[in-house]
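Step one of this worksheet: look at the structure below.
Below is the structure:
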């Protein structure tokens with residue numbers, strides 16, 4: 011496992027690349043944790059958090075709304091969440107965006123972390139502390155900057171992704187390589203098939219380098 | 011005018027006690043400002059911001075909701091607010107709570123300031139960076155910590171308050187005096203009638219001391 015510390019303006023995140031999803035509990039603080047995930051991820055991996063209270067939202071961009079945030083707030087109240095509750099978002103960019111935003115506004119901010127289950131969210135969406143939802147067709151118009159305490163990037167969960175989702179992540183990795191790293195670009199050229207086949211060591215190397223590049227940008231931008 | 015700097019965790023506010031409401035424009039940054047106020051305050055003082063775009067919400071605790079925040083977001087979009095827009099909340103605790111919260115989540119946070127028009131918000135609600143709204147009967151369950159850049163506390167606008175609103179503010183001032191300042195408590199005992207009559211120098215002295223006490227608490231708490 012590789013651990014990268016990403017510093018934002020107000021806090022920092024630990025990005026844990028290569029950690030297996032089944033080990034997530036050792037990264038949780040003491041006390042109550044509530045999982046926020048989507049139907050698909052819950053079906054595929056819900057066995058790992060069967061003993062935790064969970065809130066399951068719909069899949070897709072259409073669920074990245076203030077209405078979904080309100081549904082989650084309702085459920086948090088039903089589950090007796092309080093200021094000490096930890097929120098764990100498990101999914102791709104949409105789940106993590108909505109979970110991070112809701113955690114940030116519930117009781118003026120709960121602690122939260124993510125397990126990123128798509129290649130795109132592992133290399134992009136979960137890094138940089140941008141949370142938010144869409145509003146009447148305006149993308150990400152409502153949100154906050156707030157860093158998750160940790161982001162677990164498990165290469166093995168990428169195996170359940172559709173090919174298109176791998177391509178979306180790969181495009182972002184290529185972008186990072188083009189912006190910042192000629193050596194990485196050469197490695198990509200040689201290993202693009204291994205990446206598409208989700209060779210674990212290739213995925214881990216590329217996700218790590220991508221997070222380093224993106225977090226360097228985050229450090230400079232904030 | 012007395013200026014007190016209140017430091018929070020992420021930013022600091024300037025509390026301007028004794029500044030007249032008619033002078034607010036000299037405290038605004040360059041660029042577009044949008045006013046958020048309530049019907050009553052707009053009727054009484056709207057002549058001062060007749061040339062600025064404004065969003066007018068209803069009066070009272072029943073308007074301190076996520077629905078009102080959504081109405082404001084809608085209006086901000088209609089008024090073409092962007093990341094450089096400054097939000098000025100003008101009113102009591104409810105207006106400032108809703109305005110501060112909406113400013114904090116619109117486009118991941120716009121800059122904002124307040125003109126506090128009630129005694130209670132001058133000595134309490136606007137200090138400390140707590141913003142938020144109620145949700146299904148739960149008070150302040152949705153919100154963020156975020157400091158306004160400035161809070162203008164004009165003693166002359168208190169003259170349009172109902173007696174009950176003066177008493178609410180006075181109760182808070184007494185609380186601050188009891189917690190922290192025996193000398194202030196003596197001054198209060200001697201001058202409570204002058205305060206109820208809104209003698210400007212007495213109001214200014216008591217609001218200043220109250221803000222100092224409250225902001226000391228803020229500095230220690232955050």
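Chains as they are written, first to last, in this note's numbering: chain W, 11 to 232; chain U, 11 to 232.
Beta carbons: idealized from backbone N, C-alpha and C, even for Gly.
- Would you tell me roughly how many angstroms separate the C-alpha atoms of residue 189 (chain U) and residue 216 (chain U), rounded to the nearest one? So the two alpha carbons sit approximately 14 Å from each other.
- Are the Cβ atoms of residue 151 (chain W) and residue 29 (chain W) separated by less than 8 Å? No, these two residues do not count as a Cβ contact at 8 Å.
- If you measure beta-carbon to beta-carbon, which residues of the stretch 64–86 of chain W are closer than 8 Å to chain U? So the close ones are 76, 80, 83 and 84.
- Query: Nearest to residue 20 (chain U) by CA position, among U:196, U:209, U:139 and U:177, is which residue?
  - Reply: Minimum Cα-Cα distance from residue 20 (chain U) among the listed residues U:196, U:209, U:139 and U:177 corresponds to U:139.
- Are residue 12 (chain U) and residue 214 (chain U) closer than 8 Å when you measure CB to CB? In contact: residue 12 (chain U) and residue 214 (chain U) (Cβ atoms closer than 8 Å).
- Quickly, what does DSSP pair residue 69 (chain W) with across the bridge? List them, please. The partner list for residue 69 (chain W) (beta bridge, DSSP) is empty, contrary to what the question assumes.
- Query: At a Cβ cut of 9 Å, what residues of the stretch 114–131 of chain U count as close to chain W, listed as they run along the chain?
  - Reply: Within the stretch 114–131 of chain U, contact with chain W at the beta-carbon level (separation under 9 Å) is assigned to 114, 115, 116, 117, 118 and 119.
- Message: As a quick exercise: from U:31, U:39, U:40 and U:37, pick the residue whose alpha carbon is nearest that of residue 51 (chain U).
- Response: Among U:31, U:39, U:40 and U:37, the Cα nearest to that of residue 51 (chain U) belongs to U:31.
- Item | Cutoff 8 Å: residue 233 (chain U) Cβ touching any chain W Cβ | Past the edges of chain U, shown from 11 to 232, lies residue 233 (chain U), and the structure says nothing about it.
- Check the Cβ of residue 167 (chain U) against every Cβ in chain W and list those closer than 9 Å, keeping chain order. Going along chain W, no residue has its Cβ under 9 Å from residue 167 (chain U), so there is no contact; the nearest lies around 28 Å.
- Message: So, under 8 Å CB-CB, residue 218 (chain W) and residue 167 (chain W) are touching, yes? Tell me the CB distance rounded to an integer number of Å.
- Response: Separation of the CB atoms of residue 218 (chain W) and residue 167 (chain W) is rounded to 16 Å, and the pair is thereby denied contact status at 8 Å.
- Query: Shortest alpha-carbon distance to residue 38 (chain U) belongs to which of U:99, U:111 and U:103?
  - Reply: Ranked by Cα distance from residue 38 (chain U), the options U:99, U:111 and U:103 are led by U:99.
- Item | Within chain U, the residues that residue 154 (chain W) reaches when beta carbons sit closer than 8 Å | Under the 8 Å cutoff, chain U gives 114, 115, 118, 119 and 154.
- Anyone know if the C-beta pair for residue 308 (chain U) and residue 116 (chain U) falls short of 8 Å? The structure shown does not extend to residue 308 (chain U), since chain U is modelled only from 11 through 232, so no value can be given for it.
- Item | Interface residues of chain W facing residue 145 (chain U) [CB-CB closer than 7 Å] | Chain W residues near residue 145 (chain U): 83.
- Item | Stretch-stretch touch, CB-based, cutoff 8 Å, three pairs: the stretch 181–198 of chain U with the stretch 53–65 of chain U | They do not touch, by the three-pair rule.
- May I have the straight-line CA-CA distance separating residue 53 (chain U) from residue 125 (chain W), to the nearest angstrom? When rounded, the distance between both Cα atoms is 51 Å.
- Task: Starting from the beta carbon of residue 104 (chain W), find every residue of chain U whose beta carbon is closer than 9 Å, and list them in chain order.
- Result: The premise fails here: residue 104 (chain W) is roughly 17 Å from chain U at the closest Cβ pair, so nothing lies under 9 Å.
- Task: Please classify residue 225 (chain W): is it buried, with 16 or more other beta-carbons within 10 angstroms of its beta-carbon, or exposed?
- Result: Residue environment for residue 225 (chain W): buried (at least 16 other C-beta atoms within 10 angstroms of its C-beta).
- Can you list, in chain order, the residues of its chain whose CB lies under 6 Å from that of residue 154 (chain W), leaving out five sequence neighbours each side? 114 and 141.
- Message: Considering only heavy atoms of the ligand HEM, does any lie closer than 7 Å to the CB of residue 19 (chain W)?
- Response: What this structure holds is no ligand at all, so the ligand HEM is not there to describe.
- Message: Is there a Cβ of chain U sitting closer than 8 Å to that of residue 148 (chain W), yes or no?
- Response: Yes, its Cβ sits closer than 8 Å to a Cβ of chain U.
- residue 148 (chain W) classed as buried or exposed, judged by whether at least 16 other C-beta atoms fall within 10 angstroms: Per the 10 Å Cβ criterion, exposed.
- Item | First and last residue of the uninterrupted alpha helix (DSSP H) at residue 24 (chain W) | Unbroken run through residue 24 (chain W) is the beta strand (DSSP E), 22–27; no alpha helix (DSSP H).
- Item | Residues of its chain near residue 14 (chain U), where Cβ-Cβ distance is below 8 Å and the 5 sequence neighbours each way are ignored | Cβ within range, chain order: 24, 25, 27, 218, 221, 222 and 225.
- Message: Taking 8 Å as the threshold (C-beta atoms), are residue 111 (chain U) and residue 42 (chain U) in contact?
- Response: With a cutoff of 8 Å on beta-carbon distance, residue 42 (chain U) and residue 111 (chain U) are scored as not near each other.
- Query: Per DSSP, what kind of secondary structure is residue 125 (chain U) in: helix, strand or coil?
  - Reply: It is a strand residue.
- Query: By the 10 Å Cβ neighbour count, where 16 or more other Cβ atoms means buried, how is residue 178 (chain U) classified, buried or exposed?
  - Reply: Taking all protein chains shown into account, residue 178 (chain U) has 16 or more neighbouring C-beta atoms within 10 Å of its C-beta and is therefore buried.
- Message: Against residue 151 (chain U), what residues of chain W qualify as contacts under a CB-to-CB distance less than 8 Å, listed in chain order?
- Response: Within chain W, the residues near residue 151 (chain U) are 83, 87, 116 and 117.
- Just the chain W side, please: which residues come within less than 7 Å of residue 20 (chain U) by C-beta, in chain order? Neighbourhood of residue 20 (chain U) in chain W, by CB distance below 7 Å: 20, in chain order.
- Task: Quick one: which unbroken alpha helix (DSSP H) runs of 4-plus residues sit fully inside the stretch 58–120 of chain U? Chain order, please.
- Result: Counting only runs of 4 or more, we get 76–88 and 103–115.
- Can you name the start and end residues of the beta strand (DSSP E) that residue 144 (chain U) belongs to? From DSSP, the beta strand (DSSP E) with residue 144 (chain U) extends over 140–145.
- Query: Is it true that the CB of residue 82 (chain U) sits closer than 8 Å to the CB of residue 73 (chain U)?
  - Reply: With respect to residue 82 (chain U), residue 73 (chain U) sits apart: the two C-beta atoms are not nearer than 8 Å.
- Secondary structure of residue 41 (chain W), DSSP reduced to three states: Residue 41 (chain W) falls in the coil class under three-state DSSP.
- Message: Could you compute how far the alpha carbon of residue 44 (chain U) sits from the alpha carbon of residue 78 (chain U)?
- Response: Roughly 16 Å between the two C-alpha positions.
- Task: Return helix, strand or coil for residue 183 (chain W), following the three-state DSSP convention.
- Result: Correct three-state label for residue 183 (chain W): helix.
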